[in-house]
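Participant:
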Amino acid sequence: MSAMTGNETRVAAVLLAAGESTRMHEMKALLPWISGRSLLAHQAHALAAADYEPIVVVLGHLAERLRQVLTGPEPLQIVENPRYREGRTTSITAGLAAVPDDISGVLIISVDQPRSGALLSRLREAWLASRPAIAVPSLDGNAGHPPLFDTALLPELRAITEEGQGLREVVSRHRAERMLVPVDDPLTLTNLNTREQYEAALRLAQA
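Using our numbering, you'd call the opening residue of the sequence shown number 734 and step up by one each time.
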C-alpha cells in the first residue's frame, strides 16, 4: 500500500476560545499554563506540534486582547464570532465555515480542554490509520475529548444548532462508528470550568 500524501493526511483543527468563562470568573484562555504560555497559546502550539493544519482559532469575548497573547505558531487562522453570546454552537459553526474542503478530517477542541501535543498526535495518527467517522481519546475505557471527525460529516457539523444539542447530536448519531483511542494522559477527561479544576489540572500537567 502506498503511503498517504498531501490532502489525504491533512487534518484541520478548530480551537474554540470565544466564550466569557462565566463559571471561572476570569478568562480561561489567559490563564497561565506550562512552558510559560497562556492556556490559549499552549493549545495552539500543541496542535501545531501534532501537525494539525490549518489551525482555526475562534475568538469572541475580549477578542483583541486574546489576539495580543496569541503569538505563534504560524500560520494561525483567526476567526471572530460576533454571536458568541448565543452559545458554543455558534463558535463551532463559525470555525467550521473557515475550514477548507480539501482536508481529510477536523478536530474540534475547546480552550478549556488542555491537551498535550503527544495526545493530539496520537489521536491524529490513530484516526489516519483507520479513518472512522469519529475518533476520541480514551482513558481507562472512558471516552474523553477532543473529537476528531471525518470530513464526510462536515455537512452535518456545519448544520448543528444550540437547540439541537450541538456536537452531541452528531456524536450520538454516529456512536456506532466512533473509535476510542487509548491514551495514558491524565488530562484526557478534563474540562476547566472552575478555579479548583484549573489548579488541579495544572498540578497534573506539571507533574
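Here a beta-carbon is modelled for each residue, glycine too, at the ideal position from N, C-alpha and C.
Is it buried or exposed, GLY877, if we count other Cβ atoms within 10 angstroms and call 16 or more buried?
Facilitator: With 16 or more other Cβ atoms within 10 Å, it is buried.
Participant: Measuring CB to CB, does ALA777 end up less than 8 Å from LEU809?
Facilitator: yes
Participant: Using DSSP with H/G/I as helix, E/B as strand and the rest coil, what is ALA762?
Facilitator: The answer is helix: DSSP assigns ALA762 an H, G or I state.
Participant: Going by Cα to Cα distance, which pick from ALA940, GLU741, GLN939, THR923 is closest to VAL844?
Facilitator: THR923
Participant: Measure the C-alpha to C-alpha separation of THR826 and LEU890 and round it to an integer number of angstroms.
Facilitator: One C-alpha to the other measures close to 7 Å.
Participant: Please determine, among PRO888, VAL832, ARG857, GLY752, the residue with the shortest C-alpha to C-alpha distance to ALA782.
Facilitator: ARG857
Participant: Quick one: using the 10 Å Cβ neighbour count with 16 as the cut-off for buried, is SER754 buried or exposed?
Facilitator: buried
Participant: DSSP state of ALA736, grouped into three classes?
Facilitator: Residue placement at ALA736 is poorly supported in this model, since its pLDDT is 47, which falls under 50; the coordinates still yield a value, given next. Taken through DSSP and simplified to helix, strand or coil, ALA736 comes out as coil.
Participant: Distance check for LEU780 and ALA940, CA to CA, integer angstroms please.
Facilitator: The alpha-carbon atoms of ALA940 and LEU780 are separated by roughly 21 Å.
Participant: Alpha carbon to alpha carbon, how far is VAL789 from ILE811? Give it in angstroms, no decimals.
Facilitator: 6 Å
Participant: In whole angstroms, give me the CA-to-CA distance for ALA868 and ALA938.
Facilitator: The straight-line gap separating the alpha-carbon atoms of ALA868 and ALA938 is approximately 23 Å.
Participant: Which residue wins for smallest C-alpha separation from LEU829, given the options ALA859, LEU881, LEU795?
Facilitator: LEU881
Participant: In chain order, what residues of the same chain lie with their CB nearer than 6 Å to the CB of VAL791, ignoring the 5 residues before and after it?
Facilitator: LEU749, ALA751, VAL812, ASN814, SER824, ALA827, GLY828
Participant: Using 8 Å as the threshold, is the C-beta distance between ILE893 and ALA745 below it?
Facilitator: No, the pair does not count as a contact, with Cβ atoms beyond the cut-off.
Participant: Going by the DSSP bridge assignment, what does ARG908 pair with across the sheet?
Facilitator: Answer is none; ARG908 lacks a bridge partner.
Participant: Using alpha carbons as the reference points, say which of GLY820, ALA796, GLU786, SER854 lies closest to GLN898.
Facilitator: Among GLY820, ALA796, GLU786, SER854, the Cα nearest to that of GLN898 is on GLY820.
Participant: In or out: GLN846 buried (at least 16 other Cβ within 10 Å) or exposed?
Facilitator: buried
Participant: Suppose you measure from the CA of PRO865 to the CA of THR742; what does that come to, to the nearest Å?
Facilitator: 14 Å
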